[in-house]
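From first to last, the protein sequence lines stand for chains A, B and C. Position 220 of the first sequence, counted from 1, bears residue number 214 in our numbering, the numbering being contiguous throughout. Going from the second sequence to our numbering is simple: count from 1 and add 163. Going from the third sequence to our numbering is simple: count from 1 and add 4. Positions of the beta carbon are idealized from the N, C-alpha and C atoms, including for glycine. Note that the coordinates shown come from a computational prediction; the quantities given were computed from them, not determined experimentally. Taking it in order: structure first as structure tokens, then the write-up.
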Amino acid sequence: MQLFMRRFREDRVAVAAAAFIVVLIAVAIFSPLIRSLAGAPDPNLQNPNALDVFGTPTGPSSAHWFGVDELGRDVFSRVLAGASVSLQVAFIATGIALVVGTSLGMIAGYYRGWADTVISRAVDVLLAFPILLLALGLAAACSGIDGCLGGLIQPGKWLVIFVIAFVNWTYVARLVRGQTLSLREKEFVEAARAMGSSDRRIVFSEILPNLVAPIIVYATLLIPTNILFEAALSFLGVGVQPPQASWGQMIADATSIFGSAPWFMLAPGIALVMTVLAFNLVGDGLQDALNPRSARS
Amino acid sequence: MTAYIVRRLAWIVVLLALVSALTFVVFYVVPSTDPAQLRAGRNPSPDLVESIRHTYGLDKSKPAQYADFLERAVLHGDLGYSYGHDEPVRQLIFDRLPATIYLTLGAVIVWLAVAIPVGLISAIRRHSIFDRLAMGIALLAISAPVYWLGLVCLYLFSKDIGQFPIFLGSGTYVPPTTDFGTFFGSMIMPWFVLAASFAAFYARLLRSNVLEVMSEDYIRTARAKGVRERIVIRRHVMRSAMTPLVTVLGLDIGVLLGGAILAETVFNIPGIGRLSYEAIQNGDLPVIQGTVLLGAFFIVFLNLVVDIVYAYLDPRIRYS
Amino acid sequence: MLVIAALAIAACGGSDDDSGSSGSSGAGGVSTGGKPVDGQKKGGHLTVLAASDVDNIDPGQAYYTFTYEVLAGTINTLYSVRPDDDGSNPVPDLADGQPKISDDGKTVTVKIKTGIRYSPPYNKVVTSKDVKYAIERAFTPAVPNGYINSYFAKIVGVQAFTDGKAKEISGIDTPDDNTIVFHLTGGDIVGALVMPVTSPVPEAYARKYDEAKGQSTYGRHQLATGPYMIKSYQPGKSIEVVRNPNWNADKDYKPAYLDSVTFAEGYEDPGVATRRITDGKSQASGDFTIPPDQLKSLAQGSKKDQLIVSPGAGNRYIGVNTTIKPWGNVNVRRALAAVLNRQAMLQVRGGALLGEVANHILYPTVVGFEEAGGLKGAGQDFYAAPQGDLAVAQKYMKLAGYPSGKGSSSTTVLIVGDNTGPAKLNAEIVERAVSQLGFKPVLREVSHSTMISKYCTVPKAKVALCPNLGWAKDFADAGTILDPLYNPKNIVPQGNVVTPQYRGSGIGADIEKAQALPAGKERVEAWAAIDKKVSDLVLNVPYIWDKYPVVASANVQMVNQLWNQGSIDYTWSSLK
Chain A
-5 MQLFMRRFRE DRVAVAAAAF IVVLIAVAIF SPLIRSLAGA PDPNLQNPNA
45 LDVFGTPTGP SSAHWFGVDE LGRDVFSRVL AGASVSLQVA FIATGIALVV
95 GTSLGMIAGY YRGWADTVIS RAVDVLLAFP ILLLALGLAA ACSGIDGCLG
145 GLIQPGKWLV IFVIAFVNWT YVARLVRGQT LSLREKEFVE AARAMGSSDR
195 RIVFSEILPN LVAPIIVYAT LLIPTNILFE AALSFLGVGV QPPQASWGQM
245 IADATSIFGS APWFMLAPGI ALVMTVLAFN LVGDGLQDAL NPRSARS
Chain B
164 MTAYIVRRLA WIVVLLALVS ALTFVVFYVV PSTDPAQLRA GRNPSPDLVE
214 SIRHTYGLDK SKPAQYADFL ERAVLHGDLG YSYGHDEPVR QLIFDRLPAT
264 IYLTLGAVIV WLAVAIPVGL ISAIRRHSIF DRLAMGIALL AISAPVYWLG
314 LVCLYLFSKD IGQFPIFLGS GTYVPPTTDF GTFFGSMIMP WFVLAASFAA
364 FYARLLRSNV LEVMSEDYIR TARAKGVRER IVIRRHVMRS AMTPLVTVLG
414 LDIGVLLGGA ILAETVFNIP GIGRLSYEAI QNGDLPVIQG TVLLGAFFIV
464 FLNLVVDIVY AYLDPRIRYS
Chain C
5 MLVIAALAIA ACGGSDDDSG SSGSSGAGGV STGGKPVDGQ KKGGHLTVLA
55 ASDVDNIDPG QAYYTFTYEV LAGTINTLYS VRPDDDGSNP VPDLADGQPK
105 ISDDGKTVTV KIKTGIRYSP PYNKVVTSKD VKYAIERAFT PAVPNGYINS
155 YFAKIVGVQA FTDGKAKEIS GIDTPDDNTI VFHLTGGDIV GALVMPVTSP
205 VPEAYARKYD EAKGQSTYGR HQLATGPYMI KSYQPGKSIE VVRNPNWNAD
255 KDYKPAYLDS VTFAEGYEDP GVATRRITDG KSQASGDFTI PPDQLKSLAQ
305 GSKKDQLIVS PGAGNRYIGV NTTIKPWGNV NVRRALAAVL NRQAMLQVRG
355 GALLGEVANH ILYPTVVGFE EAGGLKGAGQ DFYAAPQGDL AVAQKYMKLA
405 GYPSGKGSSS TTVLIVGDNT GPAKLNAEIV ERAVSQLGFK PVLREVSHST
455 MISKYCTVPK AKVALCPNLG WAKDFADAGT ILDPLYNPKN IVPQGNVVTP
505 QYRGSGIGAD IEKAQALPAG KERVEAWAAI DKKVSDLVLN VPYIWDKYPV
555 VASANVQMVN QLWNQGSIDY TWSSLK
């Protein structure tokens, strides 16, 4: 672990990216404070006076650093507010997918037999789906007035999390199953079994610790992917609900007027790209640190 | 081999049936727009609504509706009739598929043409300025969503609103049979924008594959025997390093042929992606069902193709 | 006519929504109507770009603006409206002269022109029996029609016909081939004789299509009597009209300069379509709305002459469901009207170019608008401030029993709005207004067609507010707006447009009384009084009186139909 930290620290780019993420998380948590320090208006405040006589939004100014959107809302405030949604969705959805995927993958890989058949076939079916279409469909299906699953899931942030976790766990499960299958044949597992350890004990103390590294690597891949996933769903109009700001939704709103109001598309887009880039850089750094023999770097 | 392919094909059929069943559940459990209301026009008489419901088979139980669907789809290749468009689903798909195929194949050519040389050179000249620059740009390209990249490119380069009007902009797609010049011009930006993140991903993948292969023993041996570097790379490294790319390529093509929703949306290309997206928006179940099946078919079919190609590329693999 | 629905369903592809634009103050001299000019160049081909398809190409089923635009050149209704008329002065079209109305108003006799022939393959001469058949078929389930019950059910014998007790409608007489007589139970039918259902359909030809299983397929095989006929119709793709060889120019007032027109559908991005038209040749806009930023550059730039913005394109209102708490309370509704920033609602659609801030339901160009208060309205304080007035809103909240002037945040208010274009922005402004009242808004954004068909016309869906509704007259009579929107008799479980579902204050009786009045001053004033009443009770919250923009290429001498929301009139337009 120490070795790993040292190696990671030597990767200056990755460290800078990690620092950026820390700042981003702070921004997401303290966005109201930052906003008031910057003197920017509430992200949901509609200000028709910031539109011109034809209703087109006005560009960057001292009052609105990044300009305003079609409702006269401050783009700077909304970009700040979007950070929180983006991170929450990506972290929570990834977390759920990891927990579900790891549990099912270990069950399938360790017990094999019918449990493996059922889980593996389910994964096959889900993987055969066009993912974005499935997500769109689920989201649209749950976007009715009453939500879905008997009202348990309501349109909005939690629906997006549910949808992303639902299409994500399959990848994790497949990975973990494969690893578990090979781990369970390893000598130290055999040894534990010979010493009379229970299945539960073997799974939790022998197999799971050996899965941590590949799972972390995979999680670093999943988080930026899921940030993009949330943005794509919001871009297509089935993500978080208004008036909540989301980067993807802001880009969608900007689509119809980007010719005359390019700032409106630039600010959330750059925020999105930088965030995803930072996570990708950290992911690369972690992989290198965990796996020094890899030829990546 | 033949037995293996037959088995796989059979599994594909089962898989598609399961996919369609799941689609049916997801979209039917949640009541979509009532097609009878949609098609009957305003102030319809109850009789008419009833007769339309009957025409669509909506007066039957849900399982019976699914059985009907399967029967028609399997026996006649009939995917039903769209609620929203006044056309059979199969016709809609045939109309829209070419645009998606052109978009996908064009983008595939672009990204392979970029990724293979870049990936190779980066690996061979590891840590060079070229390598660092290329991999930096690649990571940036992977991080940029296609729809945003599309907007930025449109803002910069499209003929109608661009700051540097060079290429045809959004919504200028025409079939190549109508006007090849316009078609080609209108697809240049979509091809490059769609290809960007794939090119980046493939270049990174190829680079690390090449590096990995080059560190393997048999390559070292070849080198030690004094075989020239160029030949080592061409004979041994390329082949092993490209094999994993084939897998990913097959999967990506499969996914894209099922509809490049985001790229088609930004560039307003009338392909499968837009068709399915609109169908979801409007609760047009037969079209959703049809496009999901089509997408799933491409995915599983290309999976099979990949496995077969794999067997030829890598002589160690034998399916039985 | 559910205008917004029309245009919106048109736009369901996902791009923009409906309405349009322009004209008055801020616009800086944009034309409000292309006047017909005589002696234009003959010939040429025009392409009209449209987002989506006609609602139904059968003249007996057509009910949407764009469909009227297409059919305007192929059918002859008994009466029709010249392009520069707002709809109040119909002229004889298939009819020969003005209708003769008996002293009691209950018998209306119309002479029709002789020697009008149908297009191939039928080629025969039009008779009055064909008009009778056209109306009768619209009362059958095979030909669903959105307005027939509202305007033609007052003909004697309709009930017996629809019940299947009579083979024909006894109240329509055809004493000879050129005369048709309507016997009424009361009210007025003359205004409705401009509707497409009054264009002739020969039974001998159409019966086989009308009796096909399910919906009639006559639309696909229809005959023309006008200057043009439909050559091909590919749903969702294109409609082509070409000259009708059997048309007699001496018997029609339309000049028909163009040789042919293609309605090219599927232009889902209104920005792309607009640019293509303004930069190209021989094209014009169909069913879509020009996006605000392009409207702006057109109105300010050198292409100003290619833009026409017509007033009288309809109204826009928030549908308020009075059966849901707290909207049953008139003072809460007034508070909503008071707090709503109607100026912003207009601003995000494109500003003054696209309409005027509304303060009652009837809109300019509707007969009765002036009597109901005109542009000024009736002067209620809750409509007084276009930007919204929180103090007035709080006053009404107090009157409604909220002592603090604020509602409770535990009261959720379900709002269902559009998910694209300016309509989406309108919904979000309404959401904001509801939270300013102190309630907790829950806004669901869906496609326009879903909003209409699944939520806002379905009482069971229990939607409190529908911010993206609108209505346009079918003809000049105010009853074509107030009856469908407010008569409790029209409340139905599906396809309900009486959004308030309000049965109080004698509204129903008022409307029935007005409907029974013959055309004239008394009728107009009766409607104006009803408008005042529903606006005062805030049964819906009106926010915009719409103007609609159309564009054409520089080489098009554009003429538009003021009566039909400003759509392009291809029977009068020409190429320069």
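Short of 7 Å in beta carbon distance, which residues of its chain neighbour residue i, apart from the five on each side in sequence? Order them along the chain.
i: Gly263 of chain A; result: Ile245
i: Asp57 of chain C; result: Pro239, Gly240 and Glu269
i: Pro261 of chain B; result: Pro338
i: Arg386 of chain B; result: Val395
i: Leu175 of chain A; result: Gly103
i: Val197 of chain A; result: Met100 and Tyr104
Quick one: residues in its chain with C-beta nearer than 6 Å to the C-beta of residue i, no 5 flanking neighbours on either side, listed in chain order?
i: Lys39 of chain C; result: Asp88
i: Trp354 of chain B; result: Gly269, Ala270 and Val273
i: Phe464 of chain B; result: none
i: Gly436 of chain B; result: Gly422, Ala423, Ile424 and Glu427
i: Pro218 of chain A; result: Val270, Phe273 and Asn274
i: Ala297 of chain B; result: Val281 and Ser285
i: Ala22 of chain A; result: Ala77, Ser78 and Leu81
i: Ala1 of chain C; result: The requested residue 1 of chain C does not occur in the structure, where chain C is confined to residues 5 to 580.
Report back the beta-carbon spacing between residue i and residue j to the nearest angstrom; my notes put them in contact at under 8 Å.
i: Ala87 of chain A; j: Asn41 of chain A; result: 33 Å between Cβ atoms; not a contact.
i: Gly91 of chain C; j: Ala480 of chain C; result: 4 Å
i: Arg313 of chain B; j: Val356 of chain B; result: It is worth fixing the name first, because residue 313 of chain B is Gly in this sequence and not Arg. Right, the Cβ-Cβ distance comes to about 5 Å (below 8 Å), so this counts as a contact.
i: Gln575 of chain C; j: Lys258 of chain C; result: According to the sequence provided, residue 575 of chain C is Thr. The question's Gln does not apply to it. About 4 Å separates the two Cβ atoms, so the contact holds.
i: Pro63 of chain C; j: Ser203 of chain C; result: 5 Å
i: Val468 of chain B; j: Gly413 of chain B; result: 6 Å
i: Gly101 of chain C; j: Lys115 of chain C; result: 6 Å
i: Phe123 of chain A; j: Ala459 of chain B; result: 6 Å
i: Gly409 of chain C; j: Thr461 of chain C; result: Gly409 of chain C to Thr461 of chain C, Cβ: 34 Å. No contact.
i: Pro54 of chain A; j: Trp257 of chain A; result: 6 Å
i: Gly290 of chain C; j: Ala533 of chain C; result: At roughly 38 Å, the Cβ-Cβ gap does not stay under 8 Å, so Gly290 of chain C and Ala533 of chain C are not in contact.
Residues in the same chain with beta-carbon distance under 8 Å from residue i, minus the five sequence neighbours each way, listed in chain order, please.
i: Lys285 of chain C; result: Ser557, Ala558 and Asn559
i: Ser240 of chain A; result: Gly76, Val79, Ser80, Glu224, Ala225, Ser228, Gly233 and Val234
Go ahead and label residue i buried or exposed: buried means 16 or more other beta carbons lie within 10 angstroms of its beta carbon, across all protein chains shown.
i: Lys212 of chain C; result: exposed
i: Pro51 of chain A; result: buried
i: Gln398 of chain C; result: buried
i: Leu271 of chain A; result: buried
i: Ser25 of chain C; result: Low local confidence applies: a pLDDT of 32 at Ser25 of chain C is under 50, so the model's placement there is unreliable, with the coordinate-based value given in what follows. It counts as buried.
i: Trp108 of chain A; result: exposed
i: Leu547 of chain B; result: This structure gives no information on residue 547 of chain B, because the portion of chain B shown stretches from 164 to 483.
i: Ser71 of chain A; result: buried
key: Touching by the beta-carbon criterion (3+ pairs, under 8 Å), the stretch 216 to 231 of chain C and the stretch 69 to 78 of chain C   = yes
Can you check the stretch 44 to 102 of chain C for any alpha helix (DSSP H) of at least 4 residues that lies completely inside it and give the ranges in chain order? 69 to 75
Hey, which unbroken runs of the beta strand (DSSP E) at 3 residues or more fall wholly within the stretch 311 to 393 of chain C? 311 to 314, 319 to 324 and 359 to 361
Review point. Counting Cβ pairs closer than 8 Å, one from the stretch 24 to 40 of chain A and one from the stretch 66 to 81 of chain A, do we hit at least three?
Key: Short answer: they touch.
Which complete alpha helix (DSSP H) runs does the stretch 203 to 287 of chain C hold, if anything under 4 residues is left out? The qualifying runs are 207 to 214 and 274 to 283.
Query raised in the report: Mind pulling the alpha helix (DSSP H) runs of 4 or more residues that sit fully within the stretch 272 to 309 of chain B?
Result: 292 to 306
(message) For the stretch 505 to 521 of chain C against the stretch 466 to 478 of chain C, do three or more pairs of beta-carbon atoms, one drawn from each stretch, fall closer than 8 Å, so that the two count as touching?
(response) no
request  = Pair every Cβ in the stretch 332 to 352 of chain B with every Cβ in the stretch 396 to 412 of chain B, then say whether three or more of these pairs are closer than 8 Å.
outcome  = No, because fewer than three Cβ pairs between the stretch 332 to 352 of chain B and the stretch 396 to 412 of chain B fall closer than 8 Å, the two stretches do not touch.
Does the stretch 367 to 386 of chain C come within contact of the stretch 305 to 312 of chain C, defined as at least 3 CB pairs closer than 8 Å? no
Suppose only complete runs of 4+ residues qualify. What are the alpha helix (DSSP H) ranges in the stretch 391 to 446 of chain C, listed by chain order?
394 to 403 and 425 to 440
Pairing CB atoms from the stretch 117 to 124 of chain C with CB atoms from the stretch 244 to 256 of chain C, are three or more of them under 8 Å? yes
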